[in-house]
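J.: Residues in the sequence shown are numbered consecutively from 14, following our numbering.
For every residue, glycine included, the Cβ atom is placed at its ideal position computed from N, Cα and C.
One structure coming up, written as structure tokens, with questions to follow.
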Amino acid sequence: MNLSDMLSYADIGQLSKIAGAYRCECNGNSKNELIQSILSQINRHDVFENQISSMRLEDLRFLNSLLFESRQSYSLEDLVARVQQSRFGEEKKEALEEPVKKTKKSKKKAALPPEPPSPREIIVQFKHQGWLFNGFSGPGRYLFQIPNDLKTRFRETLRRRFAEQLRYTDEPAMYRDEQGLIQEDIKQLLHYVYHNEVQLVSDGSMYKRSLQQLLDRMGVREELPSKGAWRFGYGRHFNQYPDRFSLLYDYCCSVKYISEQPDGLLVVEEAGKERLEKPSAADEQELVYRYWLKLYKGPVTNLLSLVHWVHALAADWVSVSSLREVLVPFIKTYYYDDANSILEARLLKMMVHLGLLRIGEHSEHGTVVRMTKSGHAIIDRSARGADTAGLGLH
């Protein structure tokens, strides 16, 4: 539902609080006047811009977590968890300051910073601004929704604000485009496993000799993880396989192209044999993209919104350094992955491998990226209703 629909269902108490937040001058006893006055204020460009400008970073992160999902409603517990997840990256000021020396003349304790609002207070604040509404009847009355038209306005307002901070460039002299390569390499993997006896070690990964032979067949060159070196990544055999191959391998397992047998062999299943005999399906690139979202959204909690921001902001060549300035504040660290490595290694690099992004080196602005046409199409289709929780992938 849109804002006008939700306002019409809201009780006069909530309407009065929203009207107060926007300093509406109207008859507070008339529901119709309250609704018309609220809509008039919220629809003003300057009022909406000021509301966004006054938001704290933590509140922007919370809002960002709601903007790109296909789901329509949220429980209170879910919203509380999202508010809590939005509080990261800020170093404690007192840890950076030198301890105050205690003297006889100065016995007063240093003033403590004010406590941040609780998650429930943030949710109430969003309700009072007309950005969140409770359901109106039945079990749905315990769920919260954000008006669809406000979602669109939030996205567009933030896109303009972010774009103003970016450095757009002309086309670099050379760039890399990996469109179609991951589909070809799926076939290479299946062909190798079908025609060779691929034995697995006790942890289920391939022996190094087989893995190296497979990597040599891939359209994108990746090195084996160094022997004995510590490695951190995501996926079933991340400690043994490089990132792109690890994703490709996990996808083939998830769609039952290949399977790891109890007797220590890697085999091609019937679905994999059918894939070998046919050209890649038209939607295979999109299926691998959706699987990547499903696999990576655990460690990168707001992965979907980050993908959509790259999609919205990189329609033209843009410097990675300026993208970093805009997006890193919205990225939460994950164990040994800091925000910068998540942006570059887990997001941009993987989007290049998936054929969603081109990457190049600009003589003046360094590393630059730009969305591909197929990347735009895939993300647009996903935004029109695909839910990563229901992909049929295991």
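Are the stretch 80-96 and the stretch 151-164 in contact at 8 Å, needing three or more beta carbon pairs?
T.: Yes: at least three Cβ pairs fall under 8 Å.
J.: Can Arg-172 be considered in contact with the ligand HEM, in the sense that its beta carbon sits closer than 7 Å to one or more heavy atoms?
T.: Of ligands this structure carries none, so the ligand HEM is not represented either.
J.: Note down the Cα distance separating Pro-342 from Ile-392, rounded to an integer number of angstroms.
T.: Cα to Cα, Pro-342 sits roughly 23 Å from Ile-392.
J.: Is Phe-4 near Leu-317, with beta carbons less than 8 Å apart?
T.: For the chain, the structure presents residues 14 to 407; residue 4 sits outside this window and is missing.
J.: Around the Cβ of Glu-177, are there at least 16 other Cβ atoms within 10 angstroms (buried) or fewer (exposed)?
T.: Classification of Glu-177: exposed, given that the 10 Å Cβ count is below 16.
J.: Apply the 10 Å Cβ neighbour rule to Ser-322 and answer buried if 16 or more other Cβ atoms are within range, or exposed otherwise.
T.: Per the sequence presented here, residue 322 reads as Trp, with Ser not at that position. Buried, because 16 or more other Cβ atoms sit within 10 Å of the Cβ of Trp-322.
J.: To the nearest angstrom, how far is it from the Cα of Met-19 to the Cα of His-58?
T.: Using only the alpha carbons, I get a separation of about 20 Å.
J.: With a threshold of 6 Å on Cβ separation, who are the neighbours of Ser-223 within its own chain once the five nearest residues in sequence on each side are excluded?
T.: So the list reads Val-211, once near-sequence residues are dropped.
J.: Using only the alpha-carbon positions, how far apart do Asp-276 and Glu-297 sit?
T.: Their Cα atoms are separated by approximately 30 Å.
J.: Let me know the alpha helix (DSSP H) ranges lying completely inside the stretch 136-179, each 4 residues or longer, listed in chain order.
T.: Within the stretch 136-179, the complete alpha helix (DSSP H) runs of at least 4 residues are 161-176.
J.: Where does Ile-25 fall in DSSP's three states?
T.: Looking at Ile-25 - three-state DSSP - the assignment turns out to be helix.
J.: Can you have a look at Arg-303 and say buried or exposed, based on whether 16 or more other CB atoms are within 10 angstroms of its CB?
T.: Result: buried.
J.: Can the beta-carbon of Gln-192 be found closer than 8 Å to that of Thr-385?
T.: Yes. Within cutoff.
J.: Which class does Pro-112 belong to by DSSP, given the choice of helix, strand or coil?
T.: Note that Pro-112 has pLDDT 42, beneath the 50 cutoff, so the model's placement of it is unreliable and no number is given.
J.: What are the start and end residues of the beta strand (DSSP E) that includes Ile-51?
T.: No beta strand (DSSP E) contains Ile-51, which is instead part of the alpha helix (DSSP H) from 44-55.
J.: Which residues does DSSP pair with Ser-272 in a beta bridge?
T.: Paired residue(s): Val-280.
J.: Does Val-333 come out as helix, strand or coil in the three-state DSSP assignment?
T.: It is helical.
J.: Looking only at its chain, what residues have a beta carbon closer than 8 Å to the beta carbon of Met-363, apart from the 5 residues adjacent to it on each side?
T.: For Met-363, where only same-chain residues beyond five positions count, the Cβ hits under 8 Å are Asp-256, Arg-257, Leu-260, Trp-305 and Tyr-309.
J.: Spatial neighbours of Glu-71 within its chain, please: C-beta separation below 7 Å, excluding the five flanking residues on both sides.
T.: Contacts found: Ser-99 and Arg-100.
J.: Skipping 5 residues on each side, what residues in its chain have a beta carbon closer than 8 Å to that of Gly-368?
T.: So the qualifying residues of the chain are Asp-190, Glu-191, Gln-192, Gly-193, Leu-194, Ile-195, Gln-298, Thr-385, Ser-387 and Gly-388.
J.: Given a cut-off of 8 Å on the beta-carbon distance, is the pair Gln-64 and Cys-37 in contact?
T.: Cβ distance not < 8 Å, so Gln-64 and Cys-37 don't count as in contact.
J.: Within 10 angstroms of the Cβ of Lys-114, are there 16 or more other Cβ atoms? Answer buried if so, exposed if not.
T.: Bear in mind that a pLDDT of 43 at Lys-114, under 50, signals an unreliable position, so the number given afterwards is only what the model happens to contain. Looking at its Cβ environment, which holds fewer than 16 other Cβ atoms inside 10 Å, Lys-114 is exposed.
J.: Under DSSP, the alpha helix (DSSP H) around Arg-74 begins and ends at which residues?
T.: Element bounds for Arg-74: 70-77.
J.: Pull the bridge partners of Leu-213 from the DSSP assignment, please.
T.: Leu-213 is bridged to Met-219.
J.: Check each candidate in Gly-246, Asp-216, Asp-198 and Cys-265 and name the one with the smallest Cα separation from Gly-232.
T.: Per the Cα distances, Asp-198.
J.: Grab me the residues of Pro-112's own chain with a C-beta within less than 8 Å of its C-beta, minus the 5 sequence neighbours each way, in chain order.
T.: The predicted position of Pro-112 is uncertain, since its pLDDT is 42 and thus under 50; no value can be drawn from it.
J.: Mind checking whether Leu-227 and Leu-202 have CB atoms under 8 Å apart?
T.: Yes, Cβ-Cβ distance for Leu-227 and Leu-202 is below 8 Å.
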